[in-house]
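A.B. asks: Residue numbers (the working numbering): 1223 to 1420. We treat Cβ as the ideally placed atom computed from N, Cα and C, and that holds for glycine. Pasting in a structure now, in structure tokens, and then I'll have a few things to ask.
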């Protein structure tokens, strides 16, 4: 093929350069330089294996560092969550205590209000009773009742006095010449008052 290319006289200089390169490659091939490439390939494979080993070791170390960092991160998050949980529990306890105090205060206020309402109701009842007692029409009725009782007592007293006078006259007629003063003394001595003084 090279010979055919060389026989062509109208080829460009670039083609001649290409032909020279091909000749060089053929010479290298004829000199059997492939063992050098094999050695280089072997060396390259060894380097590649070593590089892979180093890469794997670095990857393991990186994974270990990453795992350690992740563990620390998780521990921090867990501690923070525990702290927040503790704070939340304390807040709940404080809220429960405050609610209990509020309920106790409400109960106390309710008891005070009931006591006040009872006292107010009692006072209103007393006031109503006093008002009913001191109303003019009630007082007028009471006065009328007292006047009527007074008149009744006066009538009864007059009747009693009249009866006593009748009794005195009957006693005088029975006793004959005794004076009224002696009669009065006799009546007194026979009365319950005289018996009580003795």
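#1: With respect to the alpha helix (DSSP H) encompassing residue 1360, which residues constitute its N-terminal and C-terminal limits?
#2: At the level of alpha carbons, what is the spacing between residue 1314 and residue 1320?
#3: Rounded to the nearest angstrom, what separates residue 1399 and residue 1390 at their Cα positions?
#4: Just to confirm my understanding: we take residue 1334, look at its own chain, exclude 5 residues before and 5 after, and list those with CB closer than 6 Å. What are they?
#5: In whole angstroms, give me the CA-to-CA distance for residue 1326 and residue 1317.
#6: Suppose you measure from the CA of residue 1347 to the CA of residue 1370; what does that come to, to the nearest Å?
#7: By DSSP, does residue 1255 sit in helix, in strand, or in coil?
#8: What did DSSP end up calling residue 1231 once you bin it into helix, strand or coil?
#9: Under 8 Å Cβ to Cβ from residue 1342, same chain only, skipping five residues before and after it: list those, please.
#10: Whole-angstrom Cβ separation of residue 1360 and residue 1354, contact assumed at under 8 Å?
C.D. replies: From the atom records:
#1: In the chain shown, residue 1360 corresponds to position 138, counting from 1. That run of the alpha helix (DSSP H) goes 1358-1397.
#2: What you label residue 1314 is simply residue 92 of the chain shown in a count that begins at 1. What you label residue 1320 is simply residue 98 of the chain shown in a count that begins at 1. Spanning the two alpha carbons is a distance of roughly 10 Å.
#3: Residue numbering aside, residue 1399 sits at position 177 when the chain shown is read from its first letter. Residue numbering aside, residue 1390 sits at position 168 when the chain shown is read from its first letter. Annotation note: pLDDT 47 at residue 1399 (below 50); position unreliable, coordinate value reported separately. So the two alpha carbons sit approximately 13 Å from each other.
#4: If you number the chain shown from 1, residue 1334 lands on position 112. Closer than 6 Å at Cβ, skipping near neighbours: no residue.
#5: As a working note, residue 1326 is residue 104 in the chain shown. As a working note, residue 1317 is residue 95 in the chain shown. Distance between the alpha carbons of residue 1326 and residue 1317: 14 Å.
#6: Against the chain shown, residue 1347 aligns to sequence position 125. Against the chain shown, residue 1370 aligns to sequence position 148. Answer to the nearest angstrom: the Cα atoms are 30 Å apart.
#7: Here residue 1255 corresponds to residue number 33 of the chain shown, with the count starting at 1. Its pLDDT being 48, under 50, residue 1255 is placed unreliably in this model, and the coordinates cannot settle the point.
#8: The sequence position of residue 1231 within the chain shown is 9, counting from 1. At residue 1231, the pLDDT of 46 sits below 50, so the modelled position is not reliable; the number obtained from the coordinates is stated separately. Correct three-state label for residue 1231: coil.
#9: Within the chain shown, residue 1342 is the residue found at index 120, counting from 1. Closer than 8 Å at Cβ, skipping near neighbours: no residue.
#10: Position 138 of the chain shown, counted from the first residue, corresponds to residue 1360. Position 132 of the chain shown, counted from the first residue, corresponds to residue 1354. Confirmed, about 6 Å.
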